[in-house]
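Heads up: the sequence shown begins at 0 in numbering that gives the first Met the number 0, then just goes up one per residue. Where is the CB? At the ideal position from N, CA and C, for every residue including glycine. Since we're looking at a predicted model, the values are computed, not measured.
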Amino acid sequence: MTTAYPQQAAGYAVPNGAPQAVRRLQGISGLIHGFQKAGKSSFGDSGLRPTLLIDSEQAGVWTPSRKVTWDVTRQTVPVWDGGPGNPGSWDTAVATVKSIDTLWQLARVLNSGQHQFNSISVDSVPTIILQVMEAMGGDRKLTQDQWGVLLRQTLRILWDFKGLLTHPTKQVWAVTFIAGTHLKDGKYRPYFSGQAANLAPYVPDYEGWVWADPATGTHSMWIGPSKEYETGNRLWHRIPDSLQLGYPGLVQGWTVETMAQQVIASQQQ
């Protein structure tokens with residue numbers, strides 16, 4: 000599999016010793032939703048290697064990538080033995096997240112910049128939100144104040160991980176958030192609890208509807224405007240609205256990696 004390793008331009012020195020401003024390349028973030036078993040987890044795990052799969056649903060074991068398991072609470076960050084032209088011995092590190100505290104511990108490691116990951120898949124955001132709700136109220140009904148906390152926690156998850164696209168010392172090139180779907184107000188929308196359902200779609204660069212065609216066995220995604228699904232993007236036609244999905248080295252089609260590569264290439268023209 001071919002992995003892109005973009006090189007950032009360095010600023011030129013100016014008399015006071017500070018570098019000049021230069022254009023900094025940036026990858027993409029996406030929020031995808033769809034029915035169960037539509038291929039969302041596999042798509043999330045199709046990014047630039049090495050990939051970090053934040054797995055709250057124990058679904059990551061079934062995607063085709065070569066994996067190592069990372070216990071964030073007990074182990075140091077996995078060291079990738081690959082590089083340009085060398086696929087290494089593994090593609091994806093799976094970090095199982097069973098509590099919101101573990102997620103924030105993971106976020107601190109990533110924000111330190113001391114890792115090698117080029118793409119991240121958060122699978123899935125609604126399950127992590129459920130962990131937040133259980134930590135706050137257990138089986139009890141949430142209070143109005145707790146719903147406000149839940150909103151802030153949900154948006155913090157999205158913004159903190161999207162922020163890794165612009166990390167000052169170790170950028171990642173793709174962040175993919177995965178969600179289930181439900182029908183609300185005449186449209187299928189990502190399944191979020193509370194007011195986060197209204198605000199979360201503003202965060203990612205694209206919002207995609209993923210579906211499987213049982214007749215052909217293909218998987219597809221739509222990221223353009225739709226009257227039936229909550230979808231859209233801010234990519235200015237850098238990526239087609241209609242995408243037939245693939246998987247690196249196994250199935251031809253669009254992947255998180257090829258989407259990121261195309262967006263990065265468009266910034267270098």
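Run through the DSSP bridge pairs and tell me what residue i is partnered with.
| i | result |
| --- | --- |
| Lys186 | Lys183 |
| Val121 | Ile53, Phe176 |
What are the boundary residues of the alpha helix (DSSP H) that residue i is part of?
| i | result |
| --- | --- |
| Glu256 | 255-265 |
| Ala106 | 99-110 |
| Glu133 | 124-136 |
Which stretch, first to last residue, makes up the beta strand (DSSP E) that contains residue i?
| i | result |
| --- | --- |
| Gln243 | 241-243 |
| Asp159 | Asp159 -> not in any beta strand (DSSP E); alpha helix (DSSP H) instead, spanning 143-161. |
| Ser28 | 27-32 |
| Phe42 | Careful: Phe42 lies outside any beta strand (DSSP E), inside the alpha helix (DSSP H) at 39-43. |
| Phe176 | 173-178 |
| Leu51 | 50-54 |
Since I believe residue j is in contact with residue i (beta carbons under 8 Å), could you give me their beta-carbon distance rounded to a whole number of angstroms?
| i | j | result |
| --- | --- | --- |
| Ala173 | Ala106 | Contact flag wrong, Cβ pair sits at about 17 Å. |
| Leu129 | Ala195 | No, Leu129 and Ala195 are not in contact; Cβ-Cβ is about 12 Å, not under 8 Å. |
| Ile119 | Leu154 | That belief does not hold up - the Cβ atoms of Ile119 and Leu154 are roughly 17 Å apart, past 8 Å. |
| Gly112 | Lys169 | 4 Å |
| Pro49 | Ala94 | The pair is not a contact, with the Cβ atoms about 12 Å apart (cut-off 8 Å). |
| Leu244 | His218 | 4 Å |
| Val121 | Met135 | The Cβ separation is near 20 Å, so there is no contact. |
| Asn117 | Val171 | 6 Å |
| Asp90 | Arg65 | 5 Å |
| Glu206 | Glu229 | 6 Å |
Return yes when at least one heavy atom of the ligand FMN lies under 7 Å from the C-beta of residue i, else no.
| i | result |
| --- | --- |
| Gly223 | With respect to the ligand FMN, the structure offers nothing, as it holds no ligand at all. |
How would you label residue i, buried or exposed, when you count the other beta carbons within 10 angstroms and need 16 or more for buried?
| i | result |
| --- | --- |
| Pro224 | exposed |
| Gly38 | buried |
| Val124 | buried |
| Glu256 | buried |
| Asn85 | exposed |
| Gly137 | exposed |
| Arg188 | buried |
| Val96 | buried |
| Lys71 | In the sequence on display, residue 71 carries Val and not Lys. It counts as buried. |
| Pro203 | buried |
| Gln152 | buried |
Which complete beta strand (DSSP E) runs does the segment 188-250 hold, if anything under 3 residues is left out?
205-212, 217-221, 241-243
Which full runs of the beta strand (DSSP E) of 3+ residues lie inside the segment 64-101, going along the chain?
66-68, 91-95
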